Amino acid sequence: MIVRTRFAPSPTGFLHIGGARTALFSWAFAKKHGGTFILRIEDTDVARSTPEAVQAILDGMQWLGLDYDEGPFYQMQRMDRYKEVIRKMLQEGSAYYCYCSKEELDALRENQMQQGLKPRYDGRWRPEEGKTLPEPPQDIPPVIRFKNPKDGHVSWNDLVKGEISIANQELDDLIIARADGTPTYNFCVVVDDWEMGITQVIRGDDHVNNTPRQINMLKALGATIPQYAHLSMILGGDGQKLSKRHGAVSVMQYDEDGYLPEAVLNYLARLGWSHGDDEIFSKQQFCEWFDLDHITPSAAQFNTDKLNWLNAHYIKQASPETLAREMKKRLAKLHVAVSAQPDLFAVIDLYKERANTLNELAASIAYFYQKPVIDQAAAEKHLTADIKPVIAKLADLLGAVDWQAEAIHHAINEVVTQYQLKFPKVAMPLRVMLTGIAQSPSIDQVMALLGRDEVLTRINQA
RNA sequence: GUCCCCAUCGUCUAGAGGCCUAGGACACCUCCCUUUCACGGAGGCGACCGGGGUUCGAAUCCCCGUGGGGACGCCA
Numbered sequence: 000m001i002v003r004t005r006f007a008p009s010p011t012g013f014l015h016i017g018g019a020r021t022a023l024f025s026w027a028f029a030k031k032h033g034g035t036f037i038l039r040i041e042d043t044d045v046a047r048s049t050p051e052a053v054q055a056i057l058d059g060m061q062w063l064g065l066d067y068d069e070g071p072f073y074q075m076q077r078m079d080r081y082k083e084v085i086r087k088m089l090q091e092g093s094a095y096y097c098y099c100s101k102e103e104l105d106a107l108r109e110n111q112m113q114q115g116l117k118p119r120y121d122g123r124w125r126p127e128e129g130k131t132l133p134e135p136p137q138d139i140p141p142v143i144r145f146k147n148p149k150d151g152h153v154s155w156n157d158l159v160k161g162e163i164s165i166a167n168q169e170l171d172d173l174i175i176a177r178a179d180g181t182p183t184y185n186f187c188v189v190v191d192d193w194e195m196g197i198t199q200v201i202r203g204d205d206h207v208n209n210t211p212r213q214i215n216m217l218k219a220l221g222a223t224i225p226q227y228a229h230l231s232m233i234l235g236g237d238g239q240k241l242s243k244r245h246g247a248v249s250v251m252q253y254d255e256d257g258y259l260p261e262a263v264l265n266y267l268a269r270l271g272w273s274h275g276d277d278e279i280f281s282k283q284q285f286c287e288w289f290d291l292d293h294i295t296p297s298a299a300q301f302n303t304d305k306l307n308w309l310n311a312h313y314i315k316q317a318s319p320e321t322l323a324r325e326m327k328k329r330l331a332k333l334h335v336a337v338s339a340q341p342d343l344f345a346v347i348d349l350y351k352e353r354a355n356t357l358n359e360l361a362a363s364i365a366y367f368y369q370k371p372v373i374d375q376a377a378a379e380k381h382l383t384a385d386i387k388p389v390i391a392k393l394a395d396l397l398g399a400v401d402w403q404a405e406a407i408h409h410a411i412n413e414v415v416t417q418y419q420l421k422f423p424k425v426a427m428p429l430r431v432m433l434t435g436i437a438q439s440p441s442i443d444q445v446m447a448l449l450g451r452d453e454v455l456t457r458i459n460q461a
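In case it helps, numbering that gives the first Met the number 0 puts the first sequence at residues 0 to 461.
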């Protein structure tokens with residue numbers, strides 16, 4: 000059987016971390032099995048769906064490199080097909096008109112809740128053998144409901160959670176078409192998964208409760224039932240549910256914040272899935288290794304520290320060209336223009352092992368291209384009066400030195416010896432004067448890159 | 001309320017009845033490297049939710065608690 004998976008977001012907001020992982024797993028499963036990955040936009044909620052959100056989802060997937068083989072399909076463009084299926088179901092008797100008003104249903108629900116019952120439709124318009132239906136009211140446009148089986152159980156072997164079984168008694172006759180005739184989510188999903196030949200439905204576990212209803216409809220339509228894999232949710236770093244109000248951000252925000260897509264992908268892959276003790280793997284490796292058997296059924300908490308660690312790793316691995324491009328872009332945002340000297344590639348090389356994010360990296364090298372902001376605390380600690388003459392002497396020496404890290408180091412050593420100091424006693428004030436702060440790579444290497452003129456200027460100005 | 005799901009270090013996880021004195025990774029701590037801070041290297045701290053079963057043997061299987069989460073829309 001040829002594997003066909005799909006990612007089916009509703010375009011009501013950006014692609015967030017949970018959606019991204021669902022997409023990633025669906026995508027990887029298809030890749031692993033040489034199958035087809037389909038993108039389907041579930042935009043039947045006309046009021047909340049926007050073209051901007053569609054674009055945001057497309058952007059997010061592109062940034063992560065999750066390419067789809069078919070689609071994007073838009074459900075709103077498949078209306079005719081849905082209506083045709085509904086017509087057929089009405090004919091065959093697996094669906095029926097219901098003339099309850101919203102108010103009537105609200106009252107019913109409230110009543111059931113009060114009695115401690117599970118709120119559900121009581122089937123008052125459900126046609127039954129030997130049952131006389133009320134006369135349809137003229138003023139209420141009917142909805143269409145699916146005639147769910149009354150007895151027995153719906154069971155499936157969830158590829159993540161194992162055997163799940165739900166009594167049909169727990170299920171009511173859900174609405175498959177609104178009063179205005181537009182079909183609803185659960186129905187469209189069924190038709191699409193069926194007609195698009197989806198073999199594995201990989202989605203968030205908030206859909207577990209929809210699955211038995213969908214299976215029943217699939218059965219009523221005589222369709223093949225796909226396999227289901229329900230992924231548990233991703234919690235925020237504080238263990239709380241992610242929501243628009245609380246911590247849920249677009250995957251594009253990670254780009255904004257200086258994360259490489261490889262890092263985000265690798266992080267997401269390991270969140271809820273594992274391959275023994277492996278922590279770092281390429282996208283290709285992931286596709287080869289990925290399986291549904293090693294997905295945890297329990298919810299996972301997002302951990303920025305670990306993402307940072309992975310990001311630091313991928314920054315070290317990144318090509319010089321990638322990093323240079325990113326640095327130009329990110330320095331520009333800091334209003335720093337990169338000049339020809341010091342050489343950006345050399346600067347990056349000196350700093351890339353020290354940053355967790357691209358933004359950190361950009362901020363840390365900014366002083367090469369603009370005057371540093373001197374940290375006051377560092378200045379007070381290191382730029383002491385007694386060191387001034389030593390630095391002055393060093394400046395003298397530097398004027399004539401061959402401008403190489405080694406020679407510069409030699410010059411510093413000379414004054415260190417002359418004044419009988421420890422090396423850091425001189426290196427630290429230099430750091431503060433040249434970079435603004437007390438932490439930097441080897442000061443001689445920094446100086447070599449900064450250039451003689453700039454070094455002397457900064458020393459004089461400090 | 002009803003139904004469904006989940007439960008191993010702080011976090012992500014390994015674990016398919018004996019390989020478990022429970023492994024790895026992040027974080028944290030110590031030491032080494034060192035020109036400061038990082039990087040890197042070596043160590044350390046740290047968990048099977050509770051109670052019953054089943055079994056010669058349970059982190060693993062079953063039951064009951066407890067805790068957490070999800071669903072119960074003319075949203076998706």
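Cβ atoms here follow ideal geometry from the backbone N, Cα and C, with glycine treated the same way. As the structure is a prediction and not an experimental result, all values here were calculated from the model.
Where G161 falls: helix, strand or coil (DSSP)
Working through the first sequence from its first residue, we reach residue 161 at position 162. For G161, the secondary structure class from DSSP, reduced to helix, strand or coil, is strand.
Would you mind giving the Cβ-Cβ distance between I175 and T4, rounded to the nearest angstrom? I have them listed as a contact below 8 angstroms.
Translated into positions along the first sequence, residue 175 becomes position 176. Translated into positions along the first sequence, residue 4 becomes position 5. I175 to T4, Cβ: 24 angstroms. No contact.
Should L116 be listed as close to the ligand FAD, given that the test is whether its C-beta is under 7 angstroms from any heavy atom?
Inclusion of the ligand FAD in the displayed structure is not the case, the ligand content being empty and no account of it being possible.
Tell me, to the nearest whole angstrom, how far the beta carbon of L393 is from that of V372; I am working on the premise that it is less than 8 angstroms.
Numbered from its first residue, the first sequence carries residue 393 at position 394. Numbered from its first residue, the first sequence carries residue 372 at position 373. At roughly 23 angstroms, the Cβ-Cβ gap does not stay under 8 angstroms, so L393 and V372 are not in contact.
Residues of its chain near A410, where Cβ-Cβ distance is below 8 angstroms and the 5 sequence neighbours each way are ignored
Residue mapping note: residue 410 aligns to position 411 of the first sequence, counting from 1. The answer, listed in chain order, is L393, L396, L397 and V400.
Segment limits, alpha helix (DSSP H) that includes F186
If you number the first sequence from 1, residue 186 lands on position 187. Counting along the chain, the alpha helix (DSSP H) containing F186 begins and ends at Y184 to E194.
Unbroken stretches of the alpha helix (DSSP H), 4 residues or longer, contained in the stretch 264-306:
282-288
Cα-Cα separation, A345 to Q284:
Sequence index remark: in the first sequence, residue 345 carries index 346 (1-based). Sequence index remark: in the first sequence, residue 284 carries index 285 (1-based). Rounded to whole angstroms, A345 to Q284 spans 31 angstroms at the Cα level.
Alpha helix (DSSP H) segment containing H409, residue limits:
Stepping through the first sequence from its first residue, residue 409 is reached at position 410. Element bounds for H409: A404 to Q417.
On the criterion of 16 or more Cβ atoms from any shown chain inside 10 Å, does Q199 qualify as buried, or is it exposed?
To locate residue 199, count along the first sequence from 1; it is residue 200. By the 10 Å Cβ count, Q199 comes out buried.
Per-residue DSSP class, three states only, for L14
On the first sequence, position 15 is the one that residue 14 refers to. If DSSP states are grouped into helix, strand and coil, L14 belongs with coil.
In chain order, what are the residue ranges of uninterrupted alpha helix (DSSP H) at least 4 long that sit wholly in the stretch 112-157?
none
Just grab the DSSP bridge partners of I37 for me.
As a position in the first sequence, residue 37 is number 38, starting the count at 1. I37 is bridged by DSSP to R5 and E69.
Out of P182, K146, Y313 and A27, point me to the one whose CA is closest to Q168's CA.
Mapped onto the first sequence, residue 168 falls at position 169. For the residues P182, K146, Y313 and A27, the minimum Cα distance to Q168 belongs to K146.
Report the three-state DSSP secondary structure of G249 (helix, strand or coil).
As a working mapping, residue 249 is identified with position 250 in the first sequence. Just to set this straight, residue 249 is Ser in the shown sequence, not Gly. In the structure shown, S249 sits in a strand (DSSP, three-state: E or B).
Determine contact between the stretch 227-236 and the stretch 296-304, defined as no fewer than three beta-carbon pairs at a distance below 8 angstroms.
Flag = yes, the stretch 227-236 and the stretch 296-304 touch.
Short Cβ contact (8 angstroms threshold) for L306 with Y266:
Mapped onto the first sequence, residue 306 falls at position 307. Mapped onto the first sequence, residue 266 falls at position 267. Contact: yes.
Could you please give the first and the last residue of the uninterrupted alpha helix (DSSP H) stretch that includes I458?
Counting from 1 along the first sequence, the entry for residue 458 is found at position 459. Segment R451 to Q460, the alpha helix (DSSP H) holding I458.
Comparing alpha-carbon positions, which option in D385, N310, R212 and D342 lies nearest E359?
The residue labelled residue 359 in the question sits at position 360 within the first sequence. Ranking the options by Cα distance to E359, first place goes to N310.
Please report how far the alpha carbon of L104 lies from the alpha carbon of T356, in whole angstroms.
In the first sequence, counting from the first residue as 1, residue 104 sits at position 105. In the first sequence, counting from the first residue as 1, residue 356 sits at position 357. In a straight line, the C-alpha of L104 is about 53 angstroms away from that of T356.
Applying the 10 Å Cβ sphere with the 16-neighbour rule, what's the burial state of N215?
The sequence position of residue 215 within the first sequence is 216, counting from 1. Under this definition N215 is a buried residue.
Comparing alpha-carbon positions, which option in A262, L89 and E41 lies nearest R77?
On the first sequence, position 78 is the one that residue 77 refers to. It is E41 whose Cα lies nearest to the Cα of R77.
In terms of DSSP beta bridges, what is K240 paired with?
Taking the first residue of the first sequence as 1, we reach residue 240 at position 241. DSSP output for K240 lists L234 as bridge partner(s).
With a CB to CB cut of under 8 angstroms and the five nearest residues on each side skipped, what residues in its chain are close to I279?
Here the question's residue 279 lines up with position 280 in the first sequence. Within the same chain, I279 has close Cβ partners N265, L309 and H312.
Using CA coordinates, which residue listed in T434, S441, S439 and P440 is at the minimum distance from E453?
Position 454 of the first sequence holds residue 453. Selected option, being the one with the closest Cα: T434.
If you follow the alpha helix (DSSP H) that G180 is part of, which residue opens it and which one closes it?
Position 181 of the first sequence, counted from the first residue, corresponds to residue 180. No alpha helix (DSSP H) contains G180, which DSSP labels as neither H nor E.
Output the distance between the C-alpha atoms of P296 and G271, rounded to the nearest integer angstrom.
Position 297 of the first sequence, counting from 1, holds the residue named residue 296. Position 272 of the first sequence, counting from 1, holds the residue named residue 271. Their backbone Cα atoms lie some 8 angstroms apart in a straight line.
Give the straight-line distance between the Cα atoms of P211 and I201, rounded to the nearest whole angstrom.
Along the first sequence, one-based indexing puts residue 211 at 212. Along the first sequence, one-based indexing puts residue 201 at 202. P211 and I201: Cα-Cα distance of roughly 15 angstroms.
Rounded to a whole number of angstroms, what is the C-alpha to C-alpha distance between A384 and A336?
By 1-based counting over the first sequence, the position of residue 384 is 385. By 1-based counting over the first sequence, the position of residue 336 is 337. Those two C-alpha atoms are separated by around 34 angstroms.
Which of the three DSSP states, helix, strand or coil, is assigned to R535?
Nothing about residue 535 can be reported from this structure: the residues present for the chain run from 0 to 461 only.
Grab me the residues of H32's own chain with a C-beta within less than 6 angstroms of its C-beta, minus the 5 sequence neighbours each way, in chain order.
If you number the first sequence from 1, residue 32 lands on position 33. Within its own chain, the residues whose Cβ lies closer than 6 angstroms to the Cβ of H32, once the five positions on either side in sequence are excluded, are V2, listed in chain order.
Nearest-angstrom Cα distance between T456 and P341?
Residue 456 sits at position 457 when you count from the first residue of the first sequence. Residue 341 sits at position 342 when you count from the first residue of the first sequence. In a straight line, the C-alpha of T456 is about 15 angstroms away from that of P341.
Just curious, the beta strand (DSSP E) that Q199 is in, first and last residue?
Your numbering for residue 199 matches position 200 in the first sequence. It spans Q199 to G203 - the beta strand (DSSP E) in which Q199 sits, taken as one unbroken run.
The beta strand (DSSP E) enclosing Y96, as first and last residue numbers
The residue given as residue 96 occupies position 97 in the first sequence. Segment A94 to C97, the beta strand (DSSP E) holding Y96.
According to the neighbour-count rule (16 or more other Cβ atoms, all chains shown, within 10 Å of its Cβ), is S318 buried or exposed?
Translated into positions along the first sequence, residue 318 becomes position 319. S318 is exposed by the Cβ-count criterion.
Say whether the stretch 48-62 touches the stretch 12-31, bearing in mind that this needs 3 or more beta-carbon pairs closer than 8 angstroms, one atom from each stretch.
yes
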